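Written below as structure tokens is the structure these notes are about.
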Amino acid sequence: MGLVTEPRAMTEPRASASGRENFPVLDQRVHGKPLVYLDNAATTQKPQMVLDAMNQFYQVDNSNIHRGVHELSERSTRHYEEARVKIQRFINAADWREIIFVRGATEGINLVAYTYGRRHVQAGDEIVISAMEHHSNIVPWQILCEEKQAILRIAPINQRGELLLDEFEKLLGPRTKLVSVVHVSNALGTINPVAEIARMAHRHGAPVFIDGAQAVAHMKVDVQALDCDFYALSGHKMFGPTGIGVLYGKAALLNKMPPYQGGGDMISSVTFAKTTYNDLPYKFEAGTPNIAGTIGLGAAVDYINEIGLDRIQAYEHELLAYGTAQLERIPGLRLIGTAREKASVLSFVLEGVHPHDVGTILDREGVAVRTGHHCAQPVLEWFGVPATTRASLAFYNTRQDIDALVAGIYKVKEIFGCGAGSQPARDSQSRQEVSS
Ligand code: 7TS
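Residues 6 to 441 (the working numbering) are what the sequence shown spells out, left to right.
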């Protein structure tokens, strides 16, 4: 069965970029209404192909990897390592040894903070991040800075939620030991110019970490073209399972880093007198990994490739434009995050209604969104809001889904009696730039 619908699906209001029928979970009713799943930044749904790959592993091949001479172990090892090569090609890493399987983007960031960071950051050194980071790209650096008496510098943004690159560059200098920036913001949807940031950081001799958790399901990522030193992603945000992710690192850096965790598989030999470590990537993969999850992630990569990221990106761009236009029309609704380069996220506040109430009422309408600070408290604080309601898109969403969201918001307004009087916010037209 073909996964891809006819090209006209790109502009047809009711069509998605790919058959939703491949996602069993989407075919259900919630509170008696058809499910409209708009919480893809929290986690994406899984196509049948991913579920089948994982099921197949447990039903047919289940065995530990890298350690058995028997047939099942050889099969498991082969499938696990094939997934590594799929990821290598997917993000265009130069070598499969640069692909390290971790639990998710969070673990990828922690790994670098605890290994590269501990080794290279000293008292008075500086790490630069942006004002729009997810907590997982803030807290590991705070822990490191506290331990080392280093300084965390925060690159400011403007009212649209875009980085101020001139200000960014001013933060870089001889004390900068690492720059770590989100590729696509989960709270705002901003796409950051990460290739340019990498060039800037390299001019000052600092390596660059890119948090790609929200990017890889929505756009083509080429780590060599970006020339980033590290890149992290989460499988569950790209139609794969939870508990599996990837840390990409340039081999030259990874080779010089100490191990993150000790245990089986990460060693070359162990004696009580001296232990030597395994080569890349195994040096960073201590213990039995998430084998089924890795194989599921490989299947997710196959699935995305089959549809095509160019096609996904074009479709989602059009859907985001449609959603933005619809939401901007709603009186009293203010979009948070109106960057010119933006992907997949519609974050907003509704005058007079707490986001949790918006989310709860939308849920009763079958519309799943996330409310809260989205683990990006500092940036919401910067915008002067404690929380937002966030609709986040994937390629299986449709204009109909957006229409259901809009209808739900009008229902909220009706219930809270804020149907008239207020004007839609026009933040996207604001030119004011503010440093944080
Ligand atoms: N970085 C970004 C930009 C994220 O959006 C997230 C998760 C992470 C890192 C952490 O990923 P994990 O898979 O290791 O947990 N973001 C969200 C979100 O927006 N809603 O729920 C999780």
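The beta carbon of each residue, even a glycine, is placed where N, CA and C say it ideally should be. Nothing here was measured: the structure is a model prediction, and the numbers come from that model.
- A distance below 7 Å separates the beta carbons of Arg-89 and Ile-104.
- Taking C-alpha positions only, Ser-68 is separated from Gly-301 by approximately 15 Å.
- Rounded to the nearest angstrom, the gap between the Cα atoms of Ile-156 and Asn-115 is 17 Å.
- The count of Cβ pairs closer than 8 Å, one atom from the stretch 38-47 and one from the stretch 363-381, reaches three, so the stretches are in contact.
- As the crow flies, the alpha-carbon of Met-137 is around 7 Å from that of Pro-383.
- Set against 6 Å, the gap from the CB of Asp-368 to the closest heavy atom of the ligand 7TS is not smaller.
- By the neighbour-count criterion, in which 16 or more other beta carbons inside 10 Å mark a residue as buried, Tyr-415 falls on the exposed side.
- Leu-302 carries a helical assignment under DSSP once its states are collapsed to helix, strand and coil.
- DSSP, reduced to helix, strand and coil, places Leu-259 within a helical segment of the structure shown.
- In the DSSP assignment, Asp-406 falls within the unbroken alpha helix (DSSP H) covering 404-420.
- Beta-bridge annotation (DSSP): Pro-39 is paired with Arg-34.
- Take Pro-360, set aside five residues on each side of it, and the residues of its chain with a beta-carbon closer than 8 Å to its own are Val-354, Thr-376, Gly-377, Ala-392, Thr-393 and Thr-394, in chain order.
- Asp-270 and Ile-70 have their C-alpha atoms spaced approximately 9 Å apart.
- Within 10 angstroms of the beta-carbon of Tyr-265 lie 16 or more other beta-carbons, which makes it buried.
- When the beta-carbon positions are compared, Leu-238 and Gly-254 stay at least 7 Å from each other.
- Note on Arg-204: under 16 other CB atoms within 10 angstroms of its CB, so exposed under the neighbour-count rule.
- In the DSSP assignment, Gly-328 falls within the alpha helix (DSSP H) that extends over 314-333.
- It is roughly 50 Å from the alpha-carbon of Gly-178 to the alpha-carbon of Arg-80.
- Annotation for Gly-377: the continuous beta strand (DSSP E) segment containing it runs 375-377.
- Of all C-beta pairs linking the stretch 214-226 to the stretch 154-174, fewer than three are shorter than 8 Å, placing the two stretches out of contact.
- Residue state for Glu-131 is assigned as strand, using DSSP reduced to three classes.
- By the CB criterion at 7 Å, Val-350 and Ser-397 fall inside the cutoff.
- Counting only runs that start and end inside the stretch 55-118, the alpha helix (DSSP H) elements of at least 4 residues fall at 76-95 and 110-117.
- Arg-395 sits in a strand when the DSSP states are folded into three classes.
- By the criterion of at least three beta-carbon pairs nearer than 8 Å, the stretch 281-296 is not in contact with the stretch 141-153.
- For Tyr-236, the secondary structure class from DSSP, reduced to helix, strand or coil, is strand.
- Residue range 360-369 is occupied by the alpha helix (DSSP H) that includes Gly-364.
- Separation of Val-184 and Val-126 (C-alpha to C-alpha, rounded to the nearest whole angstrom) is 12 Å.
- Taking the Cα positions, Gly-364 is about 10 Å away from Leu-410.
- Uninterrupted beta strand (DSSP E) stretches at least 3 residues long and entirely within the stretch 181-223 occur at 181-187 and 213-216, given in chain order.
- Sorting Ala-211, Lys-242, Phe-244 and Gly-240 by C-alpha distance to the C-alpha of Asp-232 places Ala-211 at the top.
- Around the Cβ of Pro-29, a 10 Å sphere holds fewer than 16 other Cβ atoms; the residue is exposed.
- Remark: the C-beta of Ser-68 is outside contact range of the ligand 7TS, defined as less than 6 Å to any heavy atom.
- Cβ atoms of Ile-132 and Ile-159 stay farther apart than 8 Å, at about 10 Å.
- Around the Cβ of Ala-326, a 10 Å sphere holds fewer than 16 other Cβ atoms; the residue is exposed.
- Arg-25 sits in a helix when the DSSP states are folded into three classes.
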